[in-house]
Every structure is written in C-alpha cells, then in structure tokens.
Amino acid sequence: MSTHDKEPAPTPVAESVADDKRTSTPDAADEAATVYPSGLKLTLIIVSLCMCVFLVALDQTIIAPALGAITAEYKSVKDIGWYGSAYLLTTTALQPMYGGIYKRFNVKLVYLGAVFMFEVGSLVCGVAPTSTAFIVGRAVAGIGSAGLFSGSIVILSLSMPLAKRPLAFGLIGGMWGIASVAGPLLGGAFTEHATWRWCFYVNLPIGFLAMLIVFFSLQVNRNDASAANQKPFVRRILELDLPGTAIFIPAIICLLLALQWGGADYAWNSATIIGLFCGFGAMIAIFVGIQLWQGDKGTLPPRLFANRDVLCAMLFAMFFGAGFFPLIYYLSLYFQAIKGVSAVQAGIKILPLLLSTVLMSIMSGVIITITGFYNVVIIPCMALFTVGAGLITTWDIDTPLREWFGYQVIAGLGIGAGFQVGVLVVQTVLPQEWVPVGTACVQFFQALGGAVFIAVAQTVFQNGLIDKINADDIGLDPRIFINSGASEIKSVLERMGRVDALDTVLEAYMSGLRNTFYISVACAGMAFLCVLGLRWKSVKKGPGAKKEEVVPEGGA
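Residue 397 in my numbering sits at position 397 of the sequence shown; the count goes up by one each step and never skips.
So, in structure tokens, the structure goes:
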C-alpha cells in the first residue's frame, strides 16, 4: 500500500480549516509560479485598462451639460430623469453578478464582451432617433459599464504581483478622477461647438482601440481557476446565483426609482413611493435568505461579510461614493448657479479638485508601493476629505477665489486615495479566486452609495431652497427655480421683472447647496471611521506570509 493510501482521512476540523484557507490570502508559491507580462505588453495592458475606466467614468458626467440640447431635440423634458437612471439602474444592479462571471469564465472574453456592450450602448445613444431609443441605449451601455471597472481591477491582479499593484491602481484611480471632472468640460464643448451626439460617439474609437490592445496583449494565467474553467459551460451558468440575481435586480430598481421619483414626480408619502420602498424591503429580505442558502455561490457571499477587512472595505467604498459623487455634482451647480458661469466654465473652476485628486491618486500608489501599507495613506486622506468638505460648507455667494480654490485642493487630496484602497484591501486579504467577487462587491457598494446619496442630496437641496424662499416671503414660487436651469436664475427673474429678488434667491440656492455639502461631510467622516477598522497588512511581504481566515473575527 502506498504512503498516500495510508494517510488518514481529514477530520471535519481539518476540512473546515482547509476550506477557510481557500478563502484566505493565496500561497506565495502560487504567486511565484505565475508568469506576469512585462515591458511593452504590460504597459499596453495598463493603458487599455485606463482608457476603459476613463470611458466609464466619463459617461457618468459628460451627459449633464448636454441634457438641455437632448431634451430640446426630442421634446421630452418628462424623460430627463430616465437619461441618467436607465444607465444607473443596469450598472448598479449588475455589478455584483459580474464578480461571479469573472470568477467562473474567461476573464479576457468577459471583459471584451463588457466593452462591446458599452460600445453598442454608446452607438445607440449617438444615433437614437427618439427619446425611447436613447433610454434603451443608456441601459445597454450600463450593462457593459457594470463589468468594466471591476474587470480592469481583476485583469491588473492577474498581470502583476500584489506588491506592484498599488501604483497601477493609482493610475486607474487617477483616470476616474480626471474623467469625473473632465466630463462636463467635454460635454459642454461638444454641445456648444458640434453636437451633443459626440458625447457618445467619442466612446467608439477609444473603446475599439482598447479592445484591440486587450485582445492582442492580454494573456491570462489563472492558477486558481483551472478547475472552474474545466466545468461544463451550463454548470458554470447555473453556479451564478441566478435566483439571487433575479430578486436583487428588481430590488435595486425599486430602491433607485423610489429615490429618483420621491419628492419630484410623486410625494414621499404617496402610494407609489411607499410601495417601491416596501417592495425593495421585501425583495432584499428574500435576497438575504437566498445568499445564506447559496453560501459561497451567492452574488454577495456571506463569507466575505464575516471578514473584518473586507467588511470595512465595502462600508468604506459605500460612504466614499456617497460623499464624493454628490460633492462633484453640486460643486458644478454652485459655480453655475451662484457664480453665474456656463457648464464648461464650471468644469474649469473644479480643476483644483481634479488636479489634486489625480496627484494624490498617483502619489498614494507610490507611497503604498514604498511602505507596503495602505493605512498610512487612506487614514490621513479620509481626514483631509472630511476637513475639505467641511470647509466647503462655509462657502457663500461671495466666496473669494483663494477659498474656493484652496478648499477644493484640500478635499481633492483626500479624495485621491479613495478610488484604489477598497479594491487593494480585497486583493491583499483574499486569494486570487475570490478577487473578482470581492472587487465587484466593493465597486457595487461604491456605486450604490453614490446613487442613493445623489438622490438624498437632491431632496435636501430642494427642501433647503424651498424653505428659504418661503421663509423670506418674497412672493415667488420656489418651484420656478427648481424647474429652471442652474445658470438661468438671473434671466428668469429678469423675465418676471423681479431682479430685486436676485440676492434672496441666490441665498436660498446657497442654503440648499450647503445642505448637500453637509451630506458629503457626514459621509466622508463615516468613511474615515471605516478605514480605522482596517488592520495593518503589508502588500510587500507577499501573499501567504500570514493566512487570514474569512471567518467571524472578534479581535484585531
């Protein structure tokens, strides 16, 4: 009898430990055995991923200055909410599912498929003859964009060792920061000097070039996924938690529609909004039950929530998105409404935030690469984000350049590290086979935080504006200024012969804007508390230096 045959069968305890190790940091031997691309090939891969992330982030903001021209052409002001929400619904709802897809299928083909869907959606938007066709195009683009950012992170994790990833993640985060503020600039320029359709045509050549680079340069070597890739195709499809996804997608749609419509199309206490919230709650309860039943095969595996670092990373991502996205949106509104500039000029005035965000995104990657610890960057950065957002709440209608410039720089330096740390935490504490799922979960919570709190910010903005105008009793309906463009306040008052009320209306606008800035302060503060819960783990020691079990943990 062979030595192997004489080995005792594993005990239940041993099997449990082995199972936990399969969801812990990967072995150094596996890392060392992996052959990573280098030189020109690695550079091309990183460039193509940066291009795709840039497009995804750009698509979220470039449409804002074009909405006036789009609604004028389609004569469809009633559909304006759907132009953003159709994209947001599919992007947010499908992000967790992409984690399971990347885990079980060929990463390269899935990523190319996501880029292709995004390109098709952009093309449909660009040529759309009707408002309905345009909305369909936005939804299709959202299906593709849902898998692009998480897919980019997964590809990077398969293209370089952990210790070298922070700098690359910094570049990815920098692309997101650039696109978030450059979107209104490009959107305004295309709308004013060409046609709004170029806001979507611009995606086609960039996306096509990125697809070519990925197709010819990317060769994925997945030591962890060989067994999964050998399973029959149908079996891998059935492992995607289809029941959970079928419940989760309509649940997210109910939540986002309630937040989109509440206070605008319907009263918050209307049967429609209450029904949407109740539907969301009921379906989420069912979804949680399915996740507990599915276990590791779930869309949001419960095992991940039991790990302290992963849980803190997901909560951090949610509050970071909740603080960042409303801030970007309402900073632009401040300059358009209060300072009276165009959308393009407002984008220029947000450059201090853009440049400081990009600078810190790259610097944070360098610092993490040198020190090996993401804590040394993210803790002070979230403190800066909180302080910077707090200083922005002091803005008024006559805030001087030195203040609106300087406070943006402080906030931007804090924001810069936020785009990469969540996914870096996941890649540090989880094995390669869990990275796609963990990354998708982090990105989902970041997108969900942004989607929910943009809607919350819209509500507190409107309430602040309405309450202030009503309190000042100037004899004007506040809804006039909610329905008018942000830069149209003065012209609206001139047409009404009420220029004397300009300062009062601007103060009311400022009151509403200040309420949204308070939200960013609160969310940035919560993000700061979340990163304090991250344990100090070095990416320089390499995977497998210390096994981290994905089980409930009570101590540090």
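A virtual CB, placed ideally from N, CA and C, is assigned to each residue, including glycine. All of these numbers come straight from a predicted model, not from anything done at the bench.
Residue i - DSSP class collapsed to helix/strand/coil
i: residue 553; result: Note on residue 553: pLDDT 43, under 50, position unreliable in the model; the coordinate value appears next. In the structure shown, residue 553 sits in coil (DSSP, three-state: anything other than H, G, I, E or B).
i: residue 329; result: helix
i: residue 23; result: No answer about residue 23 holds up, because its pLDDT of 43 lies below 50 and its placement is not dependable.
i: residue 373; result: strand
i: residue 511; result: helix
i: residue 99; result: helix
i: residue 557; result: This structure cannot settle anything about residue 557, because the visible part of the chain is limited to 1 through 556.
i: residue 38; result: coil
i: residue 538; result: strand
i: residue 444; result: helix
i: residue 396; result: coil
i: residue 5; result: Reliability of the predicted coordinates at residue 5 is poor, the pLDDT of 42 falling under 50, and no value is obtained from them.
i: residue 421; result: helix
i: residue 194; result: coil
i: residue 307; result: coil
i: residue 350; result: coil
i: residue 300; result: coil
i: residue 468; result: helix
i: residue 130; result: coil
i: residue 506; result: helix
Chain C within 7 Å of residue i, Cβ atoms only
i: residue 147; result: The chain labelled as chain C is not found in the depicted structure, where only one protein chain is given.
Supposed close pair residue i, residue j - CB separation, criterion 8 Å
i: residue 332; j: residue 322; result: About 18 Å; that fails the 8 Å criterion.
i: residue 96; j: residue 440; result: 5 Å
i: residue 310; j: residue 429; result: 6 Å
i: residue 138; j: residue 113; result: With a Cβ gap of about 19 Å, residue 138 and residue 113 do not count as contacting.
i: residue 350; j: residue 539; result: With 8 Å as the limit, residue 350 and residue 539 do not qualify as a contact, their Cβ atoms being about 32 Å apart.
i: residue 465; j: residue 501; result: That pair is no contact at about 13 Å.
i: residue 262; j: residue 65; result: Between residue 65 and residue 262 the Cβ distance is about 25 Å, and since that is not below 8 Å, they are no contact.
i: residue 90; j: residue 133; result: No, residue 90 and residue 133 are not in contact; Cβ-Cβ is about 16 Å, not under 8 Å.
Closest Cα partner of residue i within the set the options
i: residue 326; options: 61, 43, 441; result: 61
i: residue 244; options: 263, 286, 307; result: 286
i: residue 294; options: 239, 338, 107, 404; result: 239
i: residue 505; options: 480, 475, 497, 469; result: 469
i: residue 442; options: 451, 465, 317; result: 317
i: residue 179; options: 355, 143, 335; result: 355
i: residue 203; options: 234, 141, 163; result: 141
i: residue 279; options: 290, 406, 258; result: 258
i: residue 236; options: 298, 189, 451; result: 298
i: residue 447; options: 71, 158, 370, 93; result: 93
i: residue 509; options: 418, 395, 42; result: 395
i: residue 412; options: 438, 382, 334, 266; result: 382
i: residue 537; options: 189, 391, 392, 377; result: 377
i: residue 307; options: 418, 292, 534; result: 534
i: residue 165; options: 523, 426, 281; result: 426
i: residue 173; options: 472, 360, 496; result: 360
Endpoints, alpha helix (DSSP H) assigned at residue i
i: residue 219; result: Segment: none, residue 219 is in no alpha helix (DSSP H) and carries neither H nor E.
i: residue 66; result: Premise fails: residue 66 is in no alpha helix (DSSP H) and is neither H nor E.
i: residue 255; result: 242-261
i: residue 340; result: Run containing residue 340: none; DSSP gives neither H nor E here.
i: residue 236; result: 233-238
i: residue 478; result: Careful: residue 478 lies outside any alpha helix (DSSP H) and carries neither H nor E.
i: residue 126; result: 107-127
i: residue 272; result: 271-294
i: residue 496; result: 489-496
i: residue 153; result: 148-159
Any non-hydrogen atom of the ligand PLP closer than 6 Å to residue i Cβ
i: residue 167; result: The ligand PLP is not among the ligands present in this structure, which contains no ligands whatsoever.
Requested in this report: Would you check if there are 3 or more beta carbon pairs closer than 8 Å linking the stretch 148-162 to the stretch 36-53?
Outcome: Of all C-beta pairs linking the stretch 148-162 to the stretch 36-53, three or more are shorter than 8 Å, placing the two stretches in contact.
**Report entry** Touch test, the stretch 188-206 against the stretch 116-131, Cβ-Cβ under 8 Å, three pairs minimum
**Finding:** yes
Query raised in the report: Do three or more CB pairs link the stretch 376-388 to the stretch 511-528 at distances below 8 Å?
Result: These segments touch.
Query raised in the report: Given 8 Å as the limit, is there contact between the stretch 346-366 and the stretch 89-108, that is, 3 or more CB pairs closer than that?
Result: no
Query raised in the report: Would the stretch 489-496 and the stretch 263-278 be scored as touching if the rule is three or more Cβ pairs under 8 Å?
Result: no
Query - Sufficient close CB pairs (3 or more, under 8 Å) joining the stretch 513-524 to the stretch 448-467 - result: yes
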